[in-house]
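Number of protein chains: 2
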Amino acid sequence: MKTTVQNPDLARFVEAGTLYLGAPEAAELVRRHGVAACIEAIAANIRADFLRWADFDKTARVAAHSDVGVIELMPVADAQRYSFKYVNGHPGNTRLGLSTVMAFGVLADVATGAPLFLSELTLTTALRTAAMSALAAKVLARPDSRVMALIGNGAQSEFQALAFQHLLGITELRVYDVDPAASAKLVGNLQGSGLRVTVCASTAEAVRGADIVTTVTADKRNALILTPEMIQPGMHLNAVGGDCPGKTELHGDILHASKVFVEYEPQSRIEGEIQHQPADFAVTEFWQVLRGERSGRDSADQVTVFDSVGFALEDFSALRFMQQTAEHLGLGERIALVPPLADPKNLFGSLRATAAVAA
Amino acid sequence: MKTTVQNPDLARFVEAGTLYLGAPEAAELVRRHGVAACIEAIAANIRADFLRWADFDKTARVAAHSDVGVIELMPVADAQRYSFKYVNGHPGNTRLGLSTVMAFGVLADVATGAPLFLSELTLTTALRTAAMSALAAKVLARPDSRVMALIGNGAQSEFQALAFQHLLGITELRVYDVDPAASAKLVGNLQGSGLRVTVCASTAEAVRGADIVTTVTADKRNALILTPEMIQPGMHLNAVGGDCPGKTELHGDILHASKVFVEYEPQSRIEGEIQHQPADFAVTEFWQVLRGERSGRDSADQVTVFDSVGFALEDFSALRFMQQTAEHLGLGERIALVPPLADPKNLFGSLRATAAVAA
Chain S
1 MKTTVQNPDL ARFVEAGTLY LGAPEAAELV RRHGVAACIE AIAANIRADF
51 LRWADFDKTA RVAAHSDVGV IELMPVADAQ RYSFKYVNGH PGNTRLGLST
101 VMAFGVLADV ATGAPLFLSE LTLTTALRTA AMSALAAKVL ARPDSRVMAL
151 IGNGAQSEFQ ALAFQHLLGI TELRVYDVDP AASAKLVGNL QGSGLRVTVC
201 ASTAEAVRGA DIVTTVTADK RNALILTPEM IQPGMHLNAV GGDCPGKTEL
251 HGDILHASKV FVEYEPQSRI EGEIQHQPAD FAVTEFWQVL RGERSGRDSA
301 DQVTVFDSVG FALEDFSALR FMQQTAEHLG LGERIALVPP LADPKNLFGS
351 LRATAAVAA
Chain P
360 MKTTVQNPDL ARFVEAGTLY LGAPEAAELV RRHGVAACIE AIAANIRADF
410 LRWADFDKTA RVAAHSDVGV IELMPVADAQ RYSFKYVNGH PGNTRLGLST
460 VMAFGVLADV ATGAPLFLSE LTLTTALRTA AMSALAAKVL ARPDSRVMAL
510 IGNGAQSEFQ ALAFQHLLGI TELRVYDVDP AASAKLVGNL QGSGLRVTVC
560 ASTAEAVRGA DIVTTVTADK RNALILTPEM IQPGMHLNAV GGDCPGKTEL
610 HGDILHASKV FVEYEPQSRI EGEIQHQPAD FAVTEFWQVL RGERSGRDSA
660 DQVTVFDSVG FALEDFSALR FMQQTAEHLG LGERIALVPP LADPKNLFGS
710 LRATAAVAA
């Protein structure tokens, strides 16, 4: 006897299969909805999901490291939905015409395990990382912050710039990259955005006078992008690029002189800027600040650090937005990622004839 | 400066995207190649991969449990290739017209993280599980085995039957399921196979006189499908259905009176029949027997147990076969799961115009 399916997403899956949103369709979605509006909506989802932190089954991501990069799986689930992201990090990829970071993921139904939604997540990861950064800065940076230094002008930099403009009111960017072509690309892409952008000759020059410093560099090494003498009282540091073992951006003394916030402590101890600090180095999980359980910035002079590595829950929040918006805009297509069986107990029977499989 | 891509699979990915093999196309592949030939080829791949066990970066699968089922991610990698499988287990799914087990997975390039091949793995999991079972029995069962009891006649049963017929020379099946309709379906599907199939009234009746006993039941509980009085000297027990915490099929006394073989010990201690045994309960990893490093069956009278839970490496082996065969038969299509960027450092620029994204 068949039970009626109540969940509308599941009902559509049973009828028509998995909703698939490829990279070109995701780009079309973002163009039609607007980059800033996408980032704002994802930030709202992240906020809502972080506020119910205890509802989620959380785990540090599962990483496979090689000499040249890393491939990671990032699962998370609440009682209704499960998501995972596949994501790589290979700094040498651009030499082959490939992105440093490529990602895709799935949103599934916990009650049945049905993969409801398969989506590209390369573009989506850039959106959600920017949304997370801006959400954290909104809570942790000085409210009068208007100038941001942006160190590392690669694939993620424009998304960070727009997120801080629209969610925080940043009006001026001071940018630097070891590759001048990257900064030139950033300047070109931000024309017409309303942001005042100054290309600087060094990190120190870019950081001078900034209220917020965002580091989003790609080198896989323990780099010292920011050193103590660059840091001024009251700054907020948004450290995005240091996100796996052996890949950091901040001098350790900066962490000791700051209040440090992380997403999910067990993962950040392995992957974040704090990987070089002792196990008892004090950090605050950001959700605790959002819920008012711990304090954020304690004074206008304090230096705050958001030691961001990217957590699975942010992808869960982003996948929810992409699924809903794809449905709303009629983007994507239905695919038979799992077999639509006339009789689910008769997998073998589905091999008998094409008709049975297509049924 | 662009480097030339040497790996032909990667070159095709750079040019045309990820090869996607959906469930209907995988069924077409199996029809055209033949079920038994697919199982034999996958068994050969598993054998080859298990023989170089030390080359793989192995990890127990990452499971998200709920009251009604489980969703798992199963990654594994060698120096060249990375694979993962998404798979659920929800015994109540058939009430909704969905399979108990649904799966898909990816084969990726370790050097770049590129997702080369995305495939359905529901049908493929049934093939690879049967291939693994038969490969283990080929090594562990008595060479003169001709009669197999098959307990649990659901979605995987026909694949087990054909694997044992073609890889071991089983000629007679004695089958039992609590649901007579399942046995009737199995009998119907095996007509014309050349196997002599007897439907029995109980597990005890089916097991009587069998050389090999395969249990592949679906109930998620600590069931006692096989009890000690059913077991005869010299039997080989292929315990497939007990594969997660709280889901077992064998009475503990059977394990104590047998020699027990597992795939990957750290995972089997959590998920296998041995989950109820002390941590020092002796087991042998099957690859050690394949490589001649440990003994398999020690005498014609010994009872051997393959305590199978399904390991990521078997999916890696199966994905290799499906990719190669799909390429060979021209099945599947290329999809843009990750963005094909004209300039990989300019993700944002890809949003500017449809043309740029499609480039």
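Protein chains in written order, with this note's numbering: chain S, 1 to 359; chain P, 360 to 718.
Beta carbons: idealized from backbone N, C-alpha and C, even for Gly.
Please read all numbers here as calculations on a predicted model, not as lab measurements.
At a cut-off of 8 Å between C-beta atoms, Lys704 of chain P counts as an interface residue with respect to chain S.
Here Thr377 of chain P is actually not in contact with Leu585 of chain P; their C-beta atoms are around 43 Å apart, not less than 8 Å. In the DSSP assignment, Glu28 of chain S falls within the alpha helix (DSSP H) that extends over 23 to 33. In the three-state scheme derived from DSSP, where H, G and I count as helix and E and B as strand, Phe415 of chain P is classed as coil. Every unbroken stretch of the beta strand (DSSP E) spanning 3 or more residues and falling wholly within the stretch 589 to 658 of chain P is given here in chain order: 595 to 598, 607 to 609, 618 to 621. Beta-bridge analysis with DSSP links Val62 of chain S to S:Leu73. Of all alpha-carbon atoms in S:Thr325, S:Pro75, S:Val197, S:Val178, the one lying nearest the alpha-carbon of Ala218 of chain S is that of S:Val178. Taking a C-beta cut-off of 9 Å against chain S, the contacting residues of the stretch 440 to 460 of chain P are Tyr441, Phe443, Tyr445, Val446, Asn447, Gly448, His449, Gly451, Asn452, Thr453, Arg454, Leu455, Gly456, Leu457, Ser458, Thr459, Val460, listed in chain order. Judged by DSSP secondary structure, Thr557 of chain P falls within the beta strand (DSSP E) whose first and last residues are 555 to 558. Boundaries of the alpha helix (DSSP H) harbouring Pro539 of chain P: 539 to 548, taken from the DSSP string. Under DSSP, Asn88 of chain S shares a beta bridge with S:Ile71. Taking the C-beta atoms as reference points, Lys497 of chain P is found nearer than 8 Å to Leu526 of chain P.
Nearest C-alpha to Arg297 of chain S among S:Met235, S:Gln6, S:Glu120: S:Met235. A contact between stretches requires three or more CB pairs, one per stretch, nearer than 8 Å, and the stretch 110 to 125 of chain S meets this requirement with the stretch 25 to 39 of chain S. Minimum Cα-Cα distance from Phe50 of chain S among the listed residues S:Val262, S:Gln324, S:Gly332 corresponds to S:Val262.
Inclusion of Ala473 of chain P and Met102 of chain S in the CB contact set at 8 Å is warranted, their separation being smaller than that value. At least 8 Å separates the beta-carbon of Leu486 of chain P from that of Ala671 of chain P.
Under the Cβ criterion (8 Å, minimum of three pairs), the stretch 302 to 311 of chain S counts as touching the stretch 271 to 279 of chain S. For Lys544 of chain P, the nearest CB of chain S lies under 8 Å from its own CB, placing it at the interface with that chain. Ranked by Cα distance from Gly349 of chain S, the first of P:Leu549, P:Val364, P:Phe523 is P:Leu549. Contact residues of the stretch 469 to 500 of chain P toward chain S are Val469, Ala470, Thr471, Gly472, Ala473, Pro474, Glu479, Thr481, Leu482, Ala485 (C-beta to C-beta distance below 7 Å).
For Val338 of chain S, the secondary structure class from DSSP, reduced to helix, strand or coil, is coil. In terms of CA proximity to Ile46 of chain S, S:Asp315 leads the group S:Leu347, S:Arg334, S:Asp315, S:Thr325. When C-beta atoms of the stretch 319 to 328 of chain S are compared with those of the stretch 438 to 449 of chain P, fewer than three pairs fall below 8 Å, so the two segments do not count as touching. Per DSSP, Ala582 of chain P lies in no alpha helix (DSSP H) segment; the continuous beta strand (DSSP E) that holds it begins and ends at 581 to 585.
Contact note: Ser667 of chain P does not reach chain S at a C-beta cutoff of 7 Å; the least C-beta distance is about 18 Å. Around the CB of Ser542 of chain P, 16 or more other CB atoms lie within 10 Å, so the residue is classed as buried. In the DSSP secondary-structure assignment, Phe665 of chain P is bridged to P:Asn597, P:Phe620. At a cut-off of 8 Å, the C-beta of Gly69 of chain S has a neighbouring C-beta in chain P.
With contacts defined by Cβ atoms closer than 8 Å, Ala206 of chain S and Ala130 of chain S do not form a contacting pair. With contacts defined as CB atoms closer than 8 Å, Ala467 of chain P and Arg693 of chain P fail to qualify as a contacting pair. In terms of beta-carbon proximity, Asp57 of chain S lines the interface with chain P, with at least one pair separated by less than 8 Å. Within chain S, the residues whose beta carbon sits less than 7 Å from that of Ile694 of chain P are Gly22, listed in sequence order. Counting the other Cβ atoms within 10 Å of the Cβ of Thr363 of chain P gives fewer than 16, which makes it exposed. Judged by DSSP in its simplified three-state form, Ile398 of chain P adopts helix. Interface with chain S (8 Å Cβ-Cβ cutoff): Phe707 of chain P is included.
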